[in-house]
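Everything below concerns the one structure shown next.
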């Protein structure tokens with residue numbers, strides 16, 4: 001199976017870096033508040049961040065008292081930036097989440113922000129993560145909402161066109177460059193995959209931008225028409 | 238609070254009776270298979286069916302060995318038909334689910350098919366149901382999917398237009414007659430309300446019609462573009 005590492009495409013990376021530095025994206029207004037609301041106190045925890053990108057969350061977990069933080073990302077360009085974080089608790093591994101080998105039961109918390117919609121086989125990934133986790137270990141992740149991945153080009157002037165919701169599989173989308181591959185599955189597919197892998201679902205959020213955020217950044221109004229993200233907390237049983 | 242009892246509107250009732258007898262609706266192709274897949278063996282169970290309509294499920298539960306079955310529906314026209322079912326285990330109560338008084342811990346299984354999208358206050362309803370249920374009692378229900386209740390007139394030739402997903406509250410829709418009131422909330426609102434009321438989520442399904450069903454009834458193809466129903470199993474903790 002060849003996997004896509006679009007973040008090492010120069011043109012994509014430039015566009016993405018611009019997006020993050022201007023923060024015109026979903027990250028600060030919608031994703032981060034929802035993810036954070038589901039996180040346990042990380043003091044003393046062994047944390048893994050899948051799709052860590054520039055490593056900002058890894059740094060934050062370490063500064064908040066995590067005993068160890070492993071950031072995982074397939075993009076060398078991203079990790080070059082991330083490695084400037086010089087904290088003894090933080091290490092980075094280059095690779096796809098699916099390929100990372102960690103000892104059984106060696107992790108207390110797995111976090112992932114907006115990466116799992118790039119993963120083809122969620123069953124395999126969740127089962128893999130489950131083996132890393134200690135008893136009662138926690139998985140908190142966000143992904144693009146299935147209402148969006150179903151028909152990624154669904155934006156209309158007055159809402160969002162949903163189509164092909166039950167056609168699972170790859171979608172070729174455009175984001176800075178053409179041919180960014182994402183994988184669509186339904187909300188119930190995600191919930192069922194977690195149960196099969198040995199997780200109990202604790203929370204399922206569809207975060208929305210606050211009215212203030214929309215006033216500040218009118219482009220966020222789109223995210224009041226349909227759910228942009230699915231944010232989930234699950235505990236290993 | 239005045240609640241709507243649209244099923245006692247003569248014109249509505251006539252249209253609905255026709256729909257059910259022709260079975261051109263969602264019931265047999267999508268709703269019933271999903272609900273049934275989540276039901277426990279009802280032998281010896283005390284069952285309540287909220288929005289029982291013509292009472293067909295009540296009859297089926299009794300014939301399958303339930304020790305008692307209470308059908309609840311606000312529509313006198315519906316219950317007139319339902320009362321023709323003459324089985325000692327089956328009784329019917331006319332009323333809205335929110336108003337029914339049953340002894341604490343007196344029920345093993347609460348089932349509801351396509352009624353909860355008419356309910357304004359899901360928190361109150363779930364809390365109410367929770368008091369009826371014995372320890373480890375089960376709630377299985379289906380409702381219109383939030384992707385549909387958000388913008389009930391979203392049907393386009395090539396999909397479904399989702400809008401106003403985060404504007405909770407009443408929607409005035411047309412179904413046989415104008416002014417059928419439904420209440421919109423998000424998927425995550427439903428999941429959160431269950432947790433607040435003391436339930437653990439066991440399963441969350443977004444059922445789709447089978448390819449064979451779509452071949453037999455091409456009008457069902459619409460239900461491949463977006464999820465039509467949300468079907469949930471939750472256990473009292």
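Chains as they are written, first to last, in our numbering: chain A, 1 to 237; chain B, 238 to 474. Backbone N, C-alpha and C fix where the C-beta goes; we use that ideal spot for every residue, glycine too.
Can you look up residue i in the DSSP assignment and give me helix, strand or coil?
| i | result |
| --- | --- |
| residue 16 of chain A | helix |
| residue 336 of chain B | helix |
| residue 5 of chain A | coil |
| residue 259 of chain B | Here the model assigns residue 259 of chain B a pLDDT of 49, short of 50, so the residue's position is not dependable, and the following value carries that caveat. DSSP places residue 259 of chain B in helix when its eight states are reduced to three. |
| residue 205 of chain A | strand |
| residue 120 of chain A | coil |
| residue 282 of chain B | coil |
| residue 219 of chain A | helix |
| residue 410 of chain B | strand |
| residue 161 of chain A | strand |
| residue 392 of chain B | strand |
| residue 291 of chain B | coil |
| residue 198 of chain B | Absent from the structure is residue 198 of chain B, since the part of chain B shown begins at 238 and ends at 474. |
For the beta strand (DSSP E) holding residue i, just list the boundary residues, first then last.
| i | result |
| --- | --- |
| residue 232 of chain A | 229 to 236 |
| residue 330 of chain B | 327 to 331 |
| residue 134 of chain A | 133 to 144 |
| residue 109 of chain A | 107 to 113 |
Roughly how many angstroms separate the alpha carbons of residue i and residue j, rounded to a whole number?
| i | j | result |
| --- | --- | --- |
| residue 420 of chain B | residue 411 of chain B | 14 Å |
| residue 392 of chain B | residue 205 of chain A | 26 Å |
| residue 400 of chain B | residue 236 of chain A | 36 Å |
| residue 35 of chain A | residue 423 of chain B | 18 Å |
| residue 148 of chain A | residue 110 of chain A | 24 Å |
| residue 314 of chain B | residue 322 of chain B | 14 Å |
| residue 259 of chain B | residue 253 of chain B | Per-residue confidence for residue 259 of chain B stands at a pLDDT of 49, beneath the threshold of 50, marking its modelled position as unreliable; the derived number appears in the next sentence. Cα to Cα, residue 259 of chain B sits roughly 10 Å from residue 253 of chain B. |
| residue 14 of chain A | residue 6 of chain A | 11 Å |
| residue 58 of chain A | residue 139 of chain A | 15 Å |
| residue 437 of chain B | residue 201 of chain A | 8 Å |
| residue 379 of chain B | residue 445 of chain B | 13 Å |
| residue 281 of chain B | residue 305 of chain B | 8 Å |
| residue 430 of chain B | residue 203 of chain A | 11 Å |
| residue 357 of chain B | residue 198 of chain A | 35 Å |
| residue 127 of chain A | residue 368 of chain B | 36 Å |
| residue 463 of chain B | residue 383 of chain B | 10 Å |
| residue 279 of chain B | residue 344 of chain B | 12 Å |
| residue 325 of chain B | residue 455 of chain B | 41 Å |
| residue 461 of chain B | residue 166 of chain A | 6 Å |
Considering residue i, what are the terminal residues of the alpha helix (DSSP H) in which it resides?
| i | result |
| --- | --- |
| residue 425 of chain B | 424 to 433 |
| residue 305 of chain B | First-last for residue 305 of chain B: 305 to 310, but that is the beta strand (DSSP E), not the alpha helix (DSSP H). |
| residue 37 of chain A | 32 to 38 |
| residue 463 of chain B | That residue, residue 463 of chain B, is in no alpha helix (DSSP H); it is neither H nor E in DSSP. |
| residue 77 of chain A | 76 to 82 |
Write down the C-beta distance between residue i and residue j rounded to the nearest angstrom, noting that I regard them as a contact closer than 8 Å.
| i | j | result |
| --- | --- | --- |
| residue 151 of chain A | residue 51 of chain A | No, residue 151 of chain A and residue 51 of chain A are not in contact; Cβ-Cβ is about 23 Å, not under 8 Å. |
| residue 90 of chain A | residue 65 of chain A | Actually they do not touch by this definition, with Cβ atoms about 13 Å apart. |
| residue 362 of chain B | residue 334 of chain B | 6 Å |
May I ask you to list, following chain order, the residues of the stretch 216 to 229 of chain A that have a beta carbon less than 7 Å from some beta carbon of chain B? The residues in question are 224, 225, 226 and 227.
### Contact list for the stretch 431 to 446 of chain B against chain A, Cβ threshold 7 Å
Look at the stretch 431 to 446 of chain B: the residues with a C-beta under 7 Å from a C-beta of chain A are 438, 441, 442, 443 and 445.
Worksheet item: If contact means a Cβ-Cβ distance below 8 Å, which residues of the stretch 393 to 418 of chain B contact chain A?
Response: Those residues of the stretch 393 to 418 of chain B that come within reach of chain A (Cβ to Cβ, closer than 8 Å) are 393, 395, 396, 397, 398, 399, 400, 401, 402, 403 and 404.
Subject >> Near-chain B residues of the stretch 114 to 148 of chain A - C-beta to any C-beta below 7 Å >> reply: Taking 7 Å as the Cβ-Cβ cut-off against chain B, the residues of the stretch 114 to 148 of chain A that qualify are 147.
When you check each C-beta in the stretch 263 to 279 of chain B against every C-beta of chain A, which residues fall closer than 7 Å? Closer than 7 Å at the C-beta level to chain A, one finds no residue of the stretch 263 to 279 of chain B.
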